[in-house]
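First residue of the sequence shown? That's 290 in the working numbering, and the numbers climb one at a time after it.
Below is one structure, written out as structure tokens; comments come after it.
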Amino acid sequence: MRLASTLLFALAISTTPLAPAYAGDEPSPEARQAFDKGKSLFEARDYEHALPELQRAAELSSSPNAHLYVGRCLKELGRRAEAYEELRIAMKDAARLAASDKKYEKTRDAAAAQVAILEGEVGKVVVVVNGDRAGASVILSSPNATDRTLAPADIGIPRAVEPGAVRARVEADGKLLVEKRAESKAGATVTLVLDVTADGSADKGDVTDPKEASPKPSKPVGAKTGGGIRIAGFVVGGVGIAGLATFGAMAGLALDRKNTLDEACGGTHCPPGEYDDVIDEGRTFQLAANVSLGVGAGLLAGSIFMIAFGGPKDADAEAEPQVAISVDGTGVSATVSF
């Protein structure tokens, strides 16, 4: 039986029920009770009440399966960016545990398929900070989400956001030092580079009236500034390579399901209802492979542009224009303001 899917058609996704899988020791009775209650509410499509129970189970047990159900619940509630981040946790934790325990493989595969599908529905923001940010906070604002203070580990790393207007800023002692705004698009990655000078101030570009601006102190001849876009290019390229790796994994899983059907049904139509789960899984993995290929190839191509043209500039050159780089499955684009 042919397993064909395309990004132009909407497919019904059905995930095979999973047995509870917990990291390390057996979960506490409280964690198991929260998971069972949340799972029952999820299956009854009461996602609003299922979510806090599943989140509590994930917090108490660090279960990849609990994180998977939290992600699926968030997705059903329309909170796609949060779902993406939660499903990535489930996928990474389950993949690590599956290396020594095969019971985590289904959780890993189910989470990976959902992550790949959401790749085309959420935007990504990479925030890069040039200069000394000691004592300052880096804050990211995005649609349908509370402001997020980025930890040092979050700087230079793609973070999922809902499509729409995004804003990154650096603040210190309640004072805004610098900010950048951009438009996040589904399936695209936008890079916001925040330049903070050594004294903790920032070059705000066109924010200051040139007539009122005081002369800037001279900089050493031959000094270099910028280069944040090139740094982000390496990050985006890594994400693109990961997308291509996901494509290979998802394509392999789809082929495995097809081989199962060919062996069971002799290459002809299978009896109605007998292999529906296998068929649905095959369609899910094939769709995930298609999405991963498009997104991964686009990001990889875009990162080449960012690495080639985003390097440091001479400090004594004219002020750089403000640049926001956006990369999606079709290539790369740059928004420039002077």
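All C-beta atoms in this analysis are idealised placements derived from N, C-alpha and C, irrespective of residue type, glycine included.
Just so it is clear, the structure is predicted and the values come from calculations on it, not from any experiment.
(request) Determine the DSSP secondary structure at residue 368, reduced to helix, strand or coil. (result) Reading the sequence shown from its first residue, position 79 is the one you call residue 368. In this structure, residue 368 counts as coil in the three-state DSSP scheme.
(request) Give me the Cα-Cα distance between residue 485 and residue 444, rounded to the nearest whole angstrom. (result) Position 196 of the sequence shown holds residue 485. Position 155 of the sequence shown holds residue 444. The alpha-carbon atoms of residue 485 and residue 444 are separated by roughly 14 Å.
(request) Look at the Cβ atom of residue 411, then the Cβ atom of residue 481, and state whether they are nearer than 9 Å. (result) Within the sequence shown, numbered from 1, the residue matching residue 411 stands at position 122. Within the sequence shown, numbered from 1, the residue matching residue 481 stands at position 192. Result no, Cβ atoms of residue 411 and residue 481 do not sit closer than 9 Å.
(request) Could you have a look at residue 469 and say whether DSSP puts it in helix, strand or coil? (result) Here residue 469 refers to the residue found at position 180 of the sequence shown. Reduced to three states, the DSSP call for residue 469 is strand.
(request) For the region 364-371 and the region 382-392, state whether three or more C-beta atom pairs, one from each stretch, are separated by less than 8 Å. (result) no
(message) I want to know whether the region 385-394 touches the region 455-464 - three or more CB-CB distances under 8 Å.
(response) Output reads no: the region 455-464 does not touch the region 385-394.
(request) Mind the definition here: the region 424-434 touches the region 345-363 only if three or more C-beta pairs lie below 8 Å; say whether that holds. (result) no
(message) Nearest by alpha-carbon distance to residue 434: which of 420, 441, 453 and 417 is it?
(response) In the sequence shown, the residue the question calls residue 434 occupies position 145. That would be 453, whose Cα lies nearest to the Cα of residue 434.
(request) Go through the region 371-455 residue by residue and report every complete run of the alpha helix (DSSP H) that reaches 4 residues or more, in order. (result) If you keep only unbroken alpha helix (DSSP H) runs of at least 4 residues inside the region 371-455, you get 394-407.
(request) Please confirm whether residue 321 and residue 350 have their CB atoms less than 9 Å apart. (result) As a first step, residue 321 must be located in the sequence shown, where it is residue number 32. As a first step, residue 350 must be located in the sequence shown, where it is residue number 61. Taking 9 Å as the cut-off, the Cβ atoms of residue 321 and residue 350 count as close.
(request) Quick one: grab the DSSP three-state call for residue 461. (result) Here residue 461 refers to the residue found at position 172 when the sequence shown is read from its first residue. Residue state, collapsed to three classes: strand.
(request) Return the CA-CA distance between residue 342 and residue 401, expressed in angstroms with no decimal places. (result) Along the sequence shown, one-based indexing puts residue 342 at 53. Along the sequence shown, one-based indexing puts residue 401 at 112. Between residue 342 and residue 401, the C-alpha separation is close to 23 Å.
(request) With residue 484 as the anchor, note down where its beta strand (DSSP E) starts and where it stops. (result) Translated into the one-based positions of the sequence shown, residue 484 becomes position 195. Residues 478-484.
(message) Assuming residue 315 is part of the alpha helix (DSSP H), what are its boundary residues?
(response) In the sequence shown, counting from the first residue as 1, residue 315 sits at position 26. Premise fails: residue 315 is in no alpha helix (DSSP H) and is neither H nor E.
(request) Classify residue 355 as helix, strand or coil using the three-state DSSP reduction. (result) Taking the sequence shown and counting its residues from 1, the one referred to as residue 355 is at position 66. It is helical.
(request) Let me know the secondary structure DSSP gives residue 335 once reduced to three states. (result) Against the sequence shown, residue 335 aligns to sequence position 46. DSSP places residue 335 in coil when its eight states are reduced to three.
(message) Would residue 346 and residue 355 qualify as a contact pair, given that the criterion is a beta-carbon distance under 9 Å?
(response) Translated into the one-based positions of the sequence shown, residue 346 becomes position 57. Translated into the one-based positions of the sequence shown, residue 355 becomes position 66. Against a cut-off of 9 Å, the Cβ pair of residue 355 and residue 346 comes out as a contact.
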